[in-house]
Amino acid sequence: MAGTSWSTDPGHQLCRFDNVCLDHSSQRFQYYVDPRFAGVPLFYDNNAAAHFTFPENFVSTGHVTIEPFILPWAPTVIHKAIPSDAPYASQPVAVYASSNDYAFNYGHALFDFLYAVFNQLQTLQLYTSDFQLLLAQHQGVNPDVINILINPDNPDRSLLRLISHNPVLPLQKFSAPGSETAGVTCVKALVVGSAHMHLTLACNRALPFRAAAMVNAGANDPGLARKPRILLLDKRGRRRVENMRQIARALAADVPQVEVVVQTGRAMERMSVREQLNMMASTTVLITPFGGLGTVSVFMPPGATAIVINYYNTAKNTSTQMEEPYYANVEYIDYQYFPVVPEDYTGTSDRPKCETPEDAVHYPAQGGLINCNLRIKDMCRMRNMVNAAVMRWAARDENW
Numbered sequence: 003m004a005g006t007s008w009s010t011d012p013g014h015q016l017c018r019f020d021n022v023c024l025d026h027s028s029q030r031f032q033y034y035v036d037p038r039f040a041g042v043p044l045f046y047d048n049n050a051a052a053h054f055t056f057p058e059n060f061v062s063t064g065h066v067t068i069e070p071f072i073l074p075w076a077p078t079v080i081h082k083a084i085p086s087d088a089p090y091a092s093q094p095v096a097v098y099a100s101s102n103d104y105a106f107n108y109g110h111a112l113f114d115f116l117y118a119v120f121n122q123l124q125t126l127q128l129y130t131s132d133f134q135l136l137l138a139q140h141q142g143v144n145p146d147v148i149n150i151l152i153n154p155d156n157p158d159r160s161l162l163r164l165i166s167h168n169p170v171l172p173l174q175k176f177s178a179p180g181s182e183t184a185g186v187t188c189v190k191a192l193v194v195g196s197a198h199m200h201l202t203l204a205c206n207r208a209l210p211f212r213a214a215a216m217v218n219a220g221a222n223d224p225g226l227a228r229k230p231r232i233l234l235l236d237k238r239g240r241r242r243v244e245n246m247r248q249i250a251r252a253l254a255a256d257v258p259q260v261e262v263v264v265q266t267g268r269a270m271e272r273m274s275v276r277e278q279l280n281m282m283a284s285t286t287v288l289i290t291p292f293g294g295l296g297t298v299s300v301f302m303p304p305g306a307t308a309i310v311i312n313y314y315n316t317a318k319n320t321s322t323q324m325e326e327p328y329y330a331n332v333e334y335i336d337y338q339y340f341p342v343v344p345e346d347y348t349g350t351s352d353r354p355k356c357e358t359p360e361d362a363v364h365y366p367a368q369g370g371l372i373n374c375n376l377r378i379k380d381m382c383r384m385r386n387m388v389n390a391a392v393m394r395w396a397a398r399d400e401n402w
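Numbering (this note's numbering), first residue to last: 3 to 402.
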């Protein structure tokens with residue numbers, strides 16, 4: 003057994019268990035201890051107390067905090083040798099993890115699940131695209147949410163393919179040839195615990211995730227382009243920028259030698275994961291509303307600029323970026339947050355219906371405009387930020 007921890011909280015523990023077996027009758031993982039070493043403690047806690055079994059809350063299978071779904075977990079200690087005929091899974095590593103209700107959203111699926119699973123393996127130096135993801139108890143009330151983005155019927159749309167070549171498996175379907183007779187399936191390394199990048203692993207670099215995603219998806223990754231390309235994401239639904247195409251026309255007039263492209267959220271939804279990554283890998287400047295759609299920016303090439311439009315927090319009377327806790331840990335993208343003011347919410351098509359009441363359960367600290375569309379009034383502010391981004395790009399290429 004090996005691992006790391008950030009506090010005594012089970013949600014801040016990450017463990018690797020070597021040569022454990024799934025008992026198919028109990029659906030529990032068994033940790034074998036040679037009877038000759040039964041008197042040797044498995045570990046000592048912070049108070050120097052010796053432990054010969056694992057407490058039920060030794061680690062957590064979830065990566066986020068959704069009360070009351072904290073999901074503590076521990077393997078069962080068995081005082082005997084691993085059966086000599088025990089079959090091993092073909093995958094060298096398995097990760098036992100809980101999906102969560104947030105995974106319906108692109109950004110949450112990335113940062114609150116896929117990054118966390120990848121960082122578990124990366125931290126323990128176990129990453130291989132052949133690892134097997136095993137589903138633990140779901141965090142929340144909607145276990146089918148994993149089928150929207152992470153494990154959809156169409157494998158070309160699966161975000162899981164960014165880090166693994168294997169489909170998600172429930173424990174009931176995890177088996178090796180010969181397991182029917184032996185009653186168990188063993189794995190060389192089982193990883194369980196938390197590795198939430200912006201909470202527990204903020205010291206981790208994000209670039210290895212991008213590198214693995216590009217290779218696993220078969221995307222074209224030429225590096226920062228020799229000619230700049232500006233991409234604007236025009237999403238549908240709430241929190242959209244209603245005059246995004248007007249912004250695009252203004253930018254195209256400013257820099258006619260630069261390609262300016264508007265991509266709709268609906269068109270992105272129809273793309274395969276590989277097509278999405280190819281689109282981002284060829285982008286040098288991205289302009290996106292805040293929210294989950296903009297997190298596709300992590301697939302831009304190192305050195306690119308992402309201009310993410312803020313929302314105005316009426317509870318604090320300031321311009322705020324919702325995804326800042328995520329983006330603060332993406333070290334290879336230059337994230338620029340576009341400030342907005344109350345005037346940017348005037349003349350939109352969704353007010354006042356979009357406004358959040360003061361006693362709302364969701365987003366109580368974000369103010370009344372958190373779900374409202376914007377209409378950017380100050381084009382000069384946007385032009386200046388984009389021009390600065392293009393100039394930063396040009397400084398890398400003396401021939402442009």
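All C-beta atoms in this analysis are idealised placements derived from N, C-alpha and C, irrespective of residue type, glycine included. Remember, predicted model here, so these are calculated numbers, not experimental data.
Within 8 Å, do at least three Cβ pairs link the stretch 56-65 to the stretch 73-86? yes
Keeping to the same chain, check which residues put their C-beta closer than 6 Å to that of asparagine 375; ignore five residues upstream and five downstream. Arg242, Glu244, Thr350, Asp352
How many Å lie between cysteine 356 and alanine 50 at the Cα? 55 Å
Once you ignore the five residues that flank phenylalanine 115 on each side, which residues in its own chain have a CB closer than 6 Å to its CB? Ala105
Euclidean distance between Cα positions of tryptophan 8 and glutamine 139: Bear in mind that the predicted position of tryptophan 8 carries a pLDDT of just 49, short of 50, making it unreliable; the figure below should be weighed with that in mind. Answer to the nearest angstrom: the Cα atoms are 23 Å apart.
Supposed close pair methionine 246, phenylalanine 292 - CB separation, criterion 8 Å: With 8 Å as the limit, methionine 246 and phenylalanine 292 do not qualify as a contact, their Cβ atoms being about 13 Å apart.
Establish whether the CB of valine 170 and some CB of chain C are separated by less than 8 Å. Among the protein chains of the structure shown there is no chain C, as only one such chain exists.
Here's the rule: buried if 16 or more other CB atoms are within 10 angstroms of the residue's CB, otherwise exposed. What is arginine 240? exposed
Would you tell me roughly how many angstroms separate the C-alpha atoms of tyrosine 337 and tyrosine 329, rounded to the nearest one? 7 Å
Quick one: residues in its chain with C-beta nearer than 6 Å to the C-beta of arginine 385, no 5 flanking neighbours on either side, listed in chain order? Asp256
Looking at the secondary structure, which residues open and close the beta strand (DSSP E) in which arginine 18 lies? 15-25
Under DSSP, the beta strand (DSSP E) around threonine 320 begins and ends at which residues? 320-322
Asparagine 280 in three-state terms, based on DSSP: helix
How many whole angstroms separate the CB atoms of aspartate 25 and alanine 83, which I take to be in contact at a CB cut-off of 8 Å? The pair is not a contact, with the Cβ atoms about 15 Å apart (cut-off 8 Å).
Quick one: give me the first and last residue of the alpha helix (DSSP H) that threonine 125 is part of. 117-125
Mind pulling the beta strand (DSSP E) runs of 3 or more residues that sit fully within the stretch 212-274? 231-236, 261-266
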